[in-house]
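**Q** Pasting in a structure now, in structure tokens, and then I'll have a few things to ask.
Protein chains in written order, with our numbering: chain L, 345 to 555; chain R, 345 to 555.
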């Protein structure tokens with residue numbers, strides 16, 4: 345039984361579902377057909393009780409004692425997360441990071457396709473980066489609206505992140521993955537997630553024995 | 345008063361300290377000298393009560409009603425997180441992502457310096473990437489040991505991530521930032537953090553109205 349997402353599912357639970365989906369995909373690649381909350385928990389270093397509890401928000405998906413059918417669980421989690429469809433994504437910023445993102449092959453089979461790469465620098469506009477030709481920012485609004493693109497990745501310097509985010513929201517983008525090391529402010533109905541490697545490094549150095 | 349880190353501080357609290365540090369750095373760049381838990385909270389979308397509680401684990405740092413002196417708080421949080429020193433970091437994987445990481449200028453002023461870039465592909469070894477010459481994996485052990493390097497960033501394909509992680513741990517690395525979209529297994533005293541943009545994208549699509 346698939347329960348429709350409701351707003352009483354904690355966001356921290358939603359945040360773990362992509363990890364489950366990734367681990368399940370890996371198990372499937374290894375040729376497995378069935379798994380258990382214990383096996384998933386070992387892979388992810390999350391307790392099996394937590395996993396069962398998280399999945400129970402959506403109606404379960406497995407019978408006690410028989411484990412989970414991997415294919416079925418992948419399908420159900422993909423539906424819950426709405427990645428049983430392909431989302432088009434724009435990347436803003438054609439520096440080293442934007443280029444690396446545009447070349448990354450790991451988006452496509454997990455629900456996302458990079459559709460356009462934008463930059464505002466005259467030297468970059470028109471350049472060919474892999475399969476993309478860098479488009480000027482002034483075309484962003486039209487393209488995003490015309491193609492109903494809902495998701496953007498922000499790979500611009502920190503000082504431009506807020507103004508580009510405003511521009512994206514204005515164009516109709518509803519979710520921003522921000523690689524700039526700065527918090528951006530957006531209307532409450534817009535999703536923002538952050539990728540900042542330094543925050544992860546600093547989290548780990550807390551635990552290291554000093555040099 | 346600075347309280348020494350102890351193991352009864354929840355890891356989730358430690359994980360927020362780099363966000364506080366980043367926001368404080370930004371406030372300082374804006375020319376501010378004093379801030380409050382309310383101002384920080386607004387920037388980070390974290391409640392001011394949470395911020396005060398988190399900081400109280402380390403003895404406070406501010407007086408009720410007068411706010412926090414930004415420079416002082418930066419210094420104290422940097423000390424707690426041990427980023428009042430510069431950590432050398434190796435990057436393994438000289439593909440697009442490893443190259444982007446090696447060019448990224450945001451590490452240096454936040455406690456980290458990329459010291460070496462490794463790859464195992466004969467076509468990449470010896471290539472010049474910015475200021476780095478790509479070194480062969482067979483030299484990793486010697487270099488990491490000789491220079492007492494404790495931190496590595498893993499930018500290799502998923503299928504190689506575990507074996508490279510084993511190699512890094514063997515060489516004495518204590519903290520790994522893993523960009524490969526796969527969970528790796530390491531001894532309990534080794535820190536691992538993950539960067540996987542797709543998990544963030546999938547987290548956000550849960551909330552989007554379908555196409």
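We put the beta carbon where it would ideally sit given N, CA and C, even for glycine.
Just so you know, these numbers come straight off a predicted model, no measurement behind them.
1. Quick check: what's the CA-CA separation for residue 375 (chain L) versus residue 411 (chain L)?
2. Answer yes or no: does any C-beta atom of chain L fall closer than 8 Å to that of residue 461 (chain R)?
3. Would you list, in chain order, the members of the segment 368-379 of chain R that have their beta-carbon closer than 7 Å to a beta-carbon of chain L?
4. Do residue 497 (chain L) and residue 427 (chain L) come within 8 Å of each other at the CB atom, strictly closer than that value?
5. Cβ closer than 8 Å: which chain R residues qualify as neighbours of residue 440 (chain L)?
6. Using CA atoms only, rank isn't needed, just tell me which of L:371, L:356, L:466 is closest to residue 394 (chain L).
7. Expressed to the nearest angstrom, what Euclidean distance is found between the alpha-carbon atoms of residue 486 (chain L) and residue 443 (chain R)?
8. Between residue 550 (chain L) and chain R, is there a C-beta pair that is closer than 8 Å?
9. Determine, using beta carbons only, whether residue 546 (chain L) comes closer than 8 Å to chain R.
10. From what residue to what residue does the beta strand (DSSP E) around residue 537 (chain R) run?
11. Taking the C-alpha atoms as reference points, what is the distance between residue 507 (chain R) and residue 365 (chain R)?
12. Can you check which of these residues, R:522, R:541, R:543, R:513, is closest to residue 533 (chain R) by C-alpha distance?
13. Nearest to residue 291 (chain L) by CA position, among R:440, R:456, R:372, is which residue?
14. If I measure Cβ to Cβ from residue 469 (chain L) and keep anything under 8 Å in the same chain, skipping five residues before and after, which residues do I get?
15. Do residue 516 (chain L) and residue 536 (chain L) have their CB atoms nearer than 8 Å?
16. Can you have a look at residue 531 (chain L) and say buried or exposed, based on whether 16 or more other CB atoms are within 10 angstroms of its CB?
17. List, from N- to C-terminal side, the alpha helix (DSSP H) runs of 4 residues or more that fit wholly inside the segment 488-541 of chain R.
18. So with Cβ pairs under 8 Å, would you call residue 455 (chain L) a contact of chain R?
19. DSSP on residue 424 (chain L), reduced to helix/strand/coil?
20. Can you pull the DSSP bridge partners for residue 480 (chain R)?
21. Based on the DSSP secondary-structure assignment, which residues constitute the bridge partners of residue 432 (chain L)?
22. Check the Cβ-Cβ distances between residue 420 (chain L) and every residue of chain R, and say whether any is below 8 Å.
23. Could you confirm whether any beta carbon from chain L is found closer than 8 Å to the beta carbon of residue 410 (chain R)?
24. Counting only C-beta atoms, is residue 402 (chain R) closer than 8 Å to chain B at any point?
25. Quick check: what's the CA-CA separation for residue 377 (chain L) versus residue 502 (chain R)?
26. Residue range of the alpha helix (DSSP H) that residue 392 (chain L) falls in?
27. The alpha helix (DSSP H) that contains residue 452 (chain L), what's its start and end?
28. Helix, strand or coil, according to DSSP, for residue 549 (chain R) in the structure here?
29. Residue 373 (chain R): buried (16+ other C-beta within 10 angstroms of its C-beta) or exposed?
30. Taking the continuous alpha helix (DSSP H) assigned at residue 444 (chain L), which residues delimit it?
31. Identify every residue that forms a DSSP beta bridge with residue 379 (chain L).
32. Do the CB positions of residue 446 (chain R) and residue 435 (chain R) come within less than 8 Å of each other?
33. Using a Cβ-Cβ distance under 8 Å, would residue 414 (chain R) count as near chain L?
34. Going straight from the alpha carbon of residue 509 (chain L) to that of residue 482 (chain R), what length do you get?
35. Assuming contact is defined by CB atoms lying nearer than 8 Å, are residue 491 (chain R) and residue 459 (chain R) in contact in what I supplied?
**A** Reading it off the structure:
1. 16 Å
2. no
3. 370
4. no
5. 443, 444, 447, 448
6. L:356
7. 32 Å
8. yes
9. yes
10. 535-538
11. 34 Å
12. R:513
13. Look at the range of chain L in this structure, 345 to 555, and you will see that residue 291 (chain L) is not part of it.
14. 463, 478, 479, 480
15. no
16. exposed
17. 502-515
18. yes
19. helix
20. R:463
21. L:457
22. no
23. no
24. No chain B is part of this structure, whose protein chains are labelled L and R.
25. 21 Å
26. 392-400
27. Element bounds for residue 452 (chain L): n/a, residue is neither H nor E.
28. helix
29. exposed
30. 440-447
31. L:412
32. yes
33. no
34. 44 Å
35. yes
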